[in-house]
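For the sequence shown, this note's numbering assigns the number 245 to the initial residue and increments by one for each residue that follows. Here is the structure we will look at.
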Amino acid sequence: MSCTVSPTSKIQCRSLWFSGQKNHTNQRGQGPVFEICQWIFYTLAKEHKLATTLTFKKIEATAEDVIVLLKTLCQRADDIPCQPSTRVSFHGILLLAAIRGFRRATITSIKYRDVSLAVVRDPNN
Numbered sequence: 245m246s247c248t249v250s251p252t253s254k255i256q257c258r259s260l261w262f263s264g265q266k267n268h269t270n271q272r273g274q275g276p277v278f279e280i281c282q283w284i285f286y287t288l289a290k291e292h293k294l295a296t297t298l299t300f301k302k303i304e305a306t307a308e309d310v311i312v313l314l315k316t317l318c319q320r321a322d323d324i325p326c327q328p329s330t331r332v333s334f335h336g337i338l339l340l341a342a343i344r345g346f347r348r349a350t351i352t353s354i355k356y357r358d359v360s361l362a363v364v365r366d367p368n369n
């Protein structure tokens, strides 16, 4: 299976790679990516004695954890070598991740036009 990558054929190439089908049916459980995943999970993991189940308990970050990260980002700016614009972007990504729990790839694909901000006043003050 071969495909050339160009702006117009990028989607077709992805479809061929993931589904292995020329008719772009995108059926699950077929194609090269599925076969590679199966090989890694069932063969390679056993060969190298890797765990195929979670070996730890996932816990969510608390609001206090997020505040510590954001404060550190600002207060230790001299120790974190990056551009100010990168720091602000990371701040936004961290807030989005904390609020919604997006996967990394989802957050990094969000565009500014996808976000709207509102000022909400405290009704008691």
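Idealized CB from N, CA, C, for every residue including glycine.
With respect to the C-alpha of residue 351, the residue from 333, 291, 273 and 287 having the closest C-alpha is 333. The continuous stretches of alpha helix (DSSP H) do not include residue 304, and DSSP gives it neither H nor E. Here DSSP, grouped into helix, strand and coil, assigns residue 292 to coil. Judged by their CB atoms, residue 361 and residue 335 are not nearer to each other than the 9 Å cut-off. Nearest to residue 339 by alpha-carbon distance, out of 359, 302 and 327, is 359. Spanning the alpha carbons of residue 299 and residue 366 requires a straight line of approximately 43 Å.
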